[in-house]
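Heads up: the sequence shown begins at 1 in full-length UniProt numbering, then just goes up one per residue. Beta carbons are placed, not taken as given, at the ideal position from N, Cα and C, and that holds for glycine.
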Amino acid sequence: MKANFLRANLIALATLTLFACSGTPQREPQDSAPPPSQVPDIASIPDAVPKQEPLSRYGNMPSYEVFGKTYYTKASAEGYKERGVASWYGTKFHGRRTSSGEPYDMYAMTAAHKTLPLPTYAEVTNLENGRKVIVRINDRGPFVGDRIIDLSYTAAVKLGIKERGTGMVEVRAITPGGASPSTPRQPTETQTQTQAQPQPQKVAQTSPMDAGVYLQVGAFSTMSRAQEVKTTLEQQISDSVRIQPVSRPQGDVYRVRIGPLANVEQSDALADRLSRMGFAETQVVVE
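Given below as structure tokens:
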């Protein structure tokens, strides 16, 4: 009886130990250190310097779940580039453990990403003012709305998004020892399609995409379904709704997008309204 009781306790202890070391991407405190008493000169803090590093022991599980949604981590950051909304996190998390196991330093040039390998170095460009920084991604997140990256306080200040809280950015992974992050790359899928592919004749109802911020409501395999969603939206909102056809080898796709929108705040407000209308899987797109 005593042996069974001891065995049960050992199994429970092992389970708790495994859970604590699993690297689940929750920003739980390790050493809840207060922010430094003296704030450093932000302008004097250099960008992260890309270098070859092994993957972190924690935070690189193949998949994980947060708020009921499953995320699948990437095996490599090679060729990654994405545009979307950036946010930042600061004092509340300063000194707490990141998903990689390292303490979060709000004055370091770091960031959080939902799927890139930890660590990954990336160039982040503010699409509204052209400012660029290089950060070291060592945490998971953000898990709010359409945010694609969570920047440290210092990175947010340098990019000029600290006051507003969010900003439209482009994130481009850097391969240490590879090409410069600013080296011209091939156009993105959207650019390739709009520049190189002729518009199909059957989509006369569509409109060309102007530069700006859009909220994508969905991508559909048939023009009729896309037109149906477009009509429904136009009956409920005053913003411009457009259909963007994209030709692909596996079949055409018809994207329903709203915009261009003025800023992230308008996009967030519209996403909330669409969610109440039943369109919960919206996505911010920057052209």
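From the options, residue whose alpha carbon lies closest to that of residue i
i	options	result
Val286	Val85, Ser238 and Ser224	Val85
Arg172	Asn263, Glu82 and Glu53	Glu82
Glu78	Thr115, Gly90 and Gln244	Thr115
Gln216	Ser240, Ser224 and Ser44	Ser240
residue 288	Leu151, Gly278 and Ser247	What the structure shows of the chain is the stretch from 1 to 287, and residue 288 is not part of that stretch, so it cannot be assessed.
Asn60	Thr98, Ser275, Arg248 and Arg273	Thr98
Lys230	Ser247, Pro249, Ile258 and Arg276	Ile258
Tyr214	Thr70, Met168, Lys69 and Gln52	Met168
Alpha-carbon to alpha-carbon, residue j and residue i
i	j	result
Pro103	Ile149	18 angstroms
residue 303	Phe93	Residue 303 cannot be examined here, being either before or after the span of the chain that is shown, 1 to 287.
Arg131	Phe67	33 angstroms
Ala156	Asp139	16 angstroms
Gly218	Thr232	13 angstroms
Arg242	Arg96	44 angstroms
Pro245	Gln227	11 angstroms
Gly212	Pro40	35 angstroms
Glu65	Ala43	37 angstroms
Glu170	Ile137	15 angstroms
Lys162	Tyr80	25 angstroms
Asn129	Ile237	30 angstroms
Ser267	Leu261	7 angstroms
Met277	Leu270	11 angstroms
Ser275	Arg248	29 angstroms
Pro176	Asp47	14 angstroms
Asn126	Gly160	8 angstroms
Arg164	Glu234	30 angstroms
Lys69	Val253	25 angstroms
Arg273	Lys158	32 angstroms
Beta carbon of residue i nearer than 8 angstroms to that of residue j
i	j	result
Ser56	Leu118	yes
Ile134	Pro50	yes
Val264	Thr120	no
Tyr58	Met106	no
Ser100	Pro142	no
Glu123	Ile174	yes
Gly251	Ser221	yes
Identity of the residues DSSP links to residue i by a beta bridge
i	result
Ile45	Answer is none; Ile45 lacks a bridge partner.
Gly278	According to DSSP, Gly278 bridges with nothing at all.
Ile174	Tyr121
Val169	Gly84 and Asn126
Leu261	Val213
Thr110	Arg136
Below-8 angstroms beta-carbon distance, residue i vs any chain D residue
i	result
Asp146	You won't find chain D in this structure, because it holds only one protein chain.
Residue i: CB within 7 angstroms of a non-hydrogen atom of the ligand MN
i	result
Tyr71	In the structure on display, the ligand MN does not appear, and there are no ligands present to speak of.
If contact is defined by three or more beta carbon pairs under 8 angstroms, each pair taking one atom from either stretch, is the stretch 95-110 in contact with the stretch 67-80? no
If contact is defined by three or more beta carbon pairs under 8 angstroms, each pair taking one atom from either stretch, is the stretch 268-286 in contact with the stretch 135-151? yes
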